[in-house]
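In terms of full-length UniProt numbering, the sequence shown opens at residue 1 and continues consecutively.
C-beta: ideal position from N, C-alpha, C; glycine also.
Please read the structure below before turning to the comments.
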Amino acid sequence: MITHVSPLGSMDMLSQLEVDMLKRTASSDLYQLFRNCSLAVLNSGSLTDNSKELLSRF
Numbered sequence: 001m002i003t004h005v006s007p008l009g010s011m012d013m014l015s016q017l018e019v020d021m022l023k024r025t026a027s028s029d030l031y032q033l034f035r036n037c038s039l040a041v042l043n044s045g046s047l048t049d050n051s052k053e054l055l056s057r058f
């Protein structure tokens, strides 16, 4: 299943349905890949490679 969540403007809050859909996909291997890529982007330019420190900031 492909899930797209694209809230705009005042609709930038997720509905309960959207949250549930994200939670269901959070158990997949694809989610782990997405999570790792997201953390890499958030960590770009940082001087640390400590994942616990990174997660505490975000």
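Straight-line gap, residue i to residue j (C-alpha atoms, nearest Å)
i: ALA40; j: LEU22; result: 20 Å
i: ARG35; j: ASP20; result: 17 Å
i: TYR31; j: GLU18; result: 15 Å
i: ARG57; j: SER27; result: 23 Å
Cutoff 6 Å; reference residue i; Cβ partners in own chain excluding five residues on either side
i: CYS37; result: none
Helix, strand or coil at residue i according to DSSP, with G and I counted as helix
i: LEU39; result: helix
i: ASP29; result: helix
i: ASP20; result: helix
i: residue 121; result: Nothing about residue 121 can be read from this structure; the chain reaches only from 1 to 58.
i: SER15; result: coil
Cut-off 8 Å between Cβ atoms - residues of its own chain near residue i, not counting five sequence neighbours on either side
i: THR48; result: LEU54
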